[in-house]
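First comes the structure, then the notes that go with it.
In UniProt numbering, the protein residues as written are 1 to 333.
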């Protein structure tokens with residue numbers, strides 16, 4: 001009887017959902033620690049700063065999570081090197097783990113853990129292969145940029161990797177997933193799900209975001225850890241800002257009344273950083289305003305390496321708003 005009472009009390013205090021969430025959080029922390037240790041080890045071995053390895057790995061992790069044609073990441077390191085690139089295109093054995101024959105056929109496979117084998121599914125070997133490729137060009141950013149282009153052959157990919165590396169460098173850690181609601185919660189605002197609604201100005205199109213209505217000039221904040229990729233005027237969105245986070249999600253803020261002082265492209269921001277104010281700009285040439293009530297248009301886009309597509313930000317906004325309210329309540333108690 002006492003055992004049953006104890007179990008009932010245990011599940012009341014620690015429901016399965018909260019235990020599952022806590023276990024997931026622990027696993028994520030362990031994964032961050034493991035990845036960071038691997039990156040720092042490669043930094044010590046190559047003198048290439050750890051955040052470049054983190055940027056490469058995170059870019060490939062994001063691709064594998066967003067594309068159906070790639071296997072989902074199952075280990076600490078998500079870099080996926082094709083078998084022919086690993087072993088060498090002319091190598092008759094694409095499963096080759098012999099360092100000497102791989103080198104003979106100009107493969108990039110490497111032995112990173114000192115066991116004498118170059119294994120394509122080994123975390124340390126994968127990072128060693130990338131490190132050796134980068135070292136052929138040099139350890140400074142300009143040469144790393146060239147090395148990345150030679151490997152990926154895509155300017156956009158190189159830019160995203162270097163942006164993510166810069167974010168990691170600024171904050172000096174990997175767990176950069178906290179979010180903030182785009183408007184301070186102590187202001188009056190309202191919003192509903194408007195993603196996919198039709199729009200007519202400038203031609204028939206769909207609405208790729210959520211409109212958050214508020215008074216003119218209410219502060220607009222970054223929702224994420226990220227880098228300002230775009231700032232300026234668009235005839236649809238008026239004064240607008242684009243921020244890309246470490247998940248390779250592009251956060252779009254439009255119809256702003258203006259920008260925060262000294263804000264510039266390439267600047268790294270965190271959740272809650274003020275980037276501008278609510279406005280009613282857009283639907284015309286630079287300076288056009290007042291064609292609709294003041295509001296923030298907030299959109300989210302995912303880059304898959306081949307295309308970029310929008311998705312509904314409304315569920316994310318509701319979650320971030322709810323979490324921010326809970327955190328405020330906890331800080332007051």
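Glycine included, every Cβ here is placed at the ideal spot set by N, Cα and C.
C-alpha of residue 292 to C-alpha of residue 59: approximately 38 Å in a straight line.
Sorting 241, 235 and 42 by C-alpha distance to the C-alpha of residue 287 places 235 at the top.
In this structure, DSSP gives residue 131 a helical state, which the three-state scheme calls helix.
Listed as beta-bridge partners of residue 230 by DSSP are 242.
Beta-bridge annotation (DSSP): residue 303 is paired with 308.
In this structure residue 111 touches residue 118 by the C-beta definition: roughly 5 Å separates them, less than 8 Å. Check the Cα spacing between residue 184 and each of 190, 173, 154 and 219: the tightest is with 219. DSSP places residue 48 outside both helix and strand once states are collapsed to three, so it counts as coil.
In terms of Cβ geometry, residue 56 and residue 129 do not form a close pair [threshold 8 Å]. Contact check for residue 242 and residue 63: beta-carbon distance about 20 Å, past the 8 Å limit, so the pair fails to qualify. Secondary structure remark: continuous alpha helix (DSSP H) runs of at least 4 residues inside the stretch 141 to 223, in chain order: 141 to 152 and 155 to 171.
Within the same chain, 257, 277 and 278 come within 7 Å of residue 217 by CB-CB distance, once the 5 residues on both sides are set aside. For residue 311, same chain residues with a beta-carbon under 7 Å away, outside a window of 5 residues either side, are 300 and 302 in chain order. Where residue 104 is concerned, the enclosing alpha helix (DSSP H) starts and stops at 99 to 104.
The Cβ atoms of residue 209 and residue 297 sit closer than 8 Å to each other.
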